[in-house]
Structure formats: C-alpha cells, structure tokens
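Counting with this note's numbering, you get residues 114 to 392 for the letters of the sequence shown. From the three backbone atoms N, C-alpha and C, an ideal C-beta is built for every residue, glycine too. For reference, the structure discussed in these notes is given below.
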Amino acid sequence: MDRRVALKEACASIERLLAAERRSRGRILYAENWVYAPAIQKEREILEKTGGQILWMLGGESHSGSHSPTYGLWRFSGGGSLMGKACHPLAGALYLKQVEGRARDGRPIRPATVSCRTHAITRMPAFRDEGHLRTGYHDVEDFAQAHVVFDDGTVADLFASELVLGGVHNFLEVAANNHRARININPNDALLTYNPVETNFSDIYVVEKIGTKQGWAPTSPDEAWFTGYQHEMEAFYRAVARDEAPESGGPLGADCIATIYAAYVSAQHGGVETPVPRL
C-alpha cells in the first residue's frame with residue numbers, strides 16, 4: 114500500500130471526527146493512558162510551575178510481541194510497532210510540548226515534521242528464532258524509530274519494537290533548559306522481588322509480559338495505577354460531568370495519528386523528512 118493513501122484517509126477520518134465534535138455537545142476523549150500516568154502529570158506540574166523549555170525527549174515502548182492474532186496484519190491493525198506501541202510515548206511527548214506551549218505562550222507547541230525508519234527484524238532470513246519472541250508478522254514492522262521536529266525547532270526521538278524480553282519497557286526522558294526528568298512507567302522499582310524458585314510465584318502476578326518470575330523482578334504493586342488507567346477514566350468522567358476539555362482530547366489524538374501516518378510515509382521513502390498535516 115502507498116502510505117500516502119493511508120495518511121490521506123486517516124486525516125480525512127480525523128477531520129470528520131473533529132467536525133462531528135464541533136457540531137455536537139459530545140466530546141472526543143482520546144484514550145491515551147500515558148497522559149494520565151502519575152509520572153507524566155508530575156512532569157506537567159514541573160513544566161507549568163517552572164516555565165521550562167523541553168529541548169529533547171527520548172521515549173519508547175517495547176516488549177516481546179502482542180498476543181493478538183491479527184496484530185501482524187496491516188488491514189486489521191493499521192500498522193505494526195509504530196502504530197501499536199510508538200503511539201504511546203509519542204502521545205506523551207506531544208502532550209508535554211502542548212503543556213509547555215500553553216503554560217508559556219497560551220498556545221500548544223505542535224509537531225511540524227517527522228522522519229522515520231521501520232524494519233521487519235523477525236522476518237529477516239538471518240533471524241535466529243529461539244522461541245522467546247513472537248514471530249509471524251505478515252506485513253507490518255516489528256521495529257520503528259521516529260524523529261519528530263516541533264514548531265519551535267525542538268525534537269523528540271521515539272522507539273518501539275516487538276524485540277524486547279523481560280516485560281514491557283515504557284519510558285520517556287525529558288531534557289529541558291532548567292531540569293531533566295526520567296519517567297519510568299514500566300518497569301519501575303516501587304517493588305523489586307527476588308524469587309529463587311519459579312513455582313513459588315505460580316499464583317502471583319508480577320508484571321506484564323515478564324517472561325519468567327524467577328530471579329529479580331520489578332513486581333508492580335499496582336501496574337494499572339502507574340500506567341494511568343484509573344486516572345484516565347476519572348478524568349474523562351470529570352470532563353463530561355463538568356463539560357470541560359480533557360487533557361487528552363481530539364486535538365492531541367489528531368496530532369498523534371497524523372504524525373504516525375506521516376511517519377509511515379517517511380519510512381516508505383527511506384526516512385525522508387515529512388510534514389505532519391495540520392488538522
């Protein structure tokens with residue numbers, strides 16, 4: 114598929130959604146839990162209170178592969194690692210630049226261009242499959258790297274893959290002109306356990322996609338809390354009840370999806386810098 118067609122159709126869909134929202138009393142609630150993760154919200158507070166300027170962000174989401182049988186098919190999933198995983202750290206990065214812009218100048222800072230490379234590592238003839246990673250992806254990537262340039266010239270680099278063992282790896286690092294932040298959504302060290310015998314933890318949940326419960330493990334005391342799920346739902350209910358704009362709404366969702374499909378266009382053309390459509 115020509116990814117320019119995918120970008121065009123995705124943007125047309127977004128425009129229809131935004132137009133429907135403007136015509137109605139309803140609100141688009143873009144279900145991006147990263148926005149509501151406590152660590153991301155703490156960084157929001159820091160930016161708002163210090164007037165910091167984010168210069169560079171580095172983020173990623175990876176694990177050993179989705180359980181969904183349709184994940185490896187473009188026609189069902191709309192993409193691979195870039196769509197299914199990079200969307201989360203990307204949304205976190207876009208959100209924090211929105212926060213920065215609103216706090217300092219009263220308007221969000223938005224993505225301007227993106228450069229991207231994607232790869233199908235587990236489909237390479239030279240890949241040595243030892244059974245620890247999911248394979249069998251049909252026509253989607255299992256590795257993606259995207260470089261985003263914002264309106265103000267600052268940048269973010271996002272990675273995503275199906276190639277990482279040891280559980281989900283979700284992180285975002287912020288390098289600002291007045292502080293630095295390292296956001297570890299998964300794993301984090303709120304609780305570390307050492308288990309010498311696998312069967313000892315047979316009925317104990319450790320953390321998503323850990324692979325083995327033996328040895329040291331980042332055993333999350335409340336994985337959903339750290340990931341922002343409860344906070345997301347509470348915020349959405351509050352936004353609807355009070356008729357307030359959500360932190361993660363239509364504008365953020367539009368920028369995120371437009372950036373992703375512009376990134377696919379870039380990847381199809383060898384990583385060329387590609388404008389992100391304004392919606």
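Three or more Cβ pairs closer than 8 Å define a contact, and the segment 281-296 falls short of that threshold against the segment 232-241. Its chain contains G165, Q166, L168 as the residues whose beta carbon lies nearer than 7 Å to that of N290, once the 5 sequence neighbours on both sides are disregarded; these appear in chain order. For Y307, the secondary structure class from DSSP, reduced to helix, strand or coil, is strand. In chain order, F349, P359 place their CB closer than 6 Å to the CB of L142, counting only its own chain and leaving out the 5 sequence neighbours on each side. Under the three-state reduction of DSSP output, F256 falls in the strand class. By the criterion of a C-beta distance shorter than 8 Å, H292 is surrounded in its chain by I159, T163, G165, once the five residues flanking it on both sides are discounted. Membership of H344 in the alpha helix (DSSP H) is indicated by the continuous run 342-355. The Cβ atoms of H232 and L186 do not sit closer than 7 Å to each other.
In chain order, M170, A206, V261 place their CB closer than 6 Å to the CB of A269, counting only its own chain and leaving out the 5 sequence neighbours on each side. Using a C-beta cut-off of 8 Å, the segment 331-338 makes no contact with the segment 177-196, since fewer than three inter-stretch Cβ pairs fall below that distance. The alpha carbon of E145 has as its nearest neighbour, out of L365, A371, V389, P388, the alpha carbon of L365.
Looking at the DSSP output, I159 shares a beta bridge with no other residue.
At a cut-off of 3 residues, the continuous stretches assigned as beta strand (DSSP E) that sit fully inside the segment 165-215 are 167-175. When rounded, the separation of the alpha-carbon atoms in P388 and A199 is 18 Å.
Between F272 and G173, the gap from beta carbon to beta carbon is short of 7 Å.
Ranked by Cα distance from Y377, the options C229, S361, H344, R220 are led by C229.
Straight across, the Cα-Cα distance linking D218 with D316 is about 52 Å. Residue pairing of V262 in beta bridges, as defined by DSSP: T226, V268.
Between R351 and the set K155, R241, R140, the nearest pair of CA atoms involves R140.
Secondary structure of L365 (DSSP, three-state): helix. Looking from the CA of T372, the closest CA among R223, G214, E243, R138 belongs to R223.
Contact check for V287 and E156: beta-carbon distance about 6 Å, within the 8 Å limit, so the pair qualifies. With a contact defined as Cβ atoms closer than 8 Å, I153 and I296 qualify at about 6 Å.
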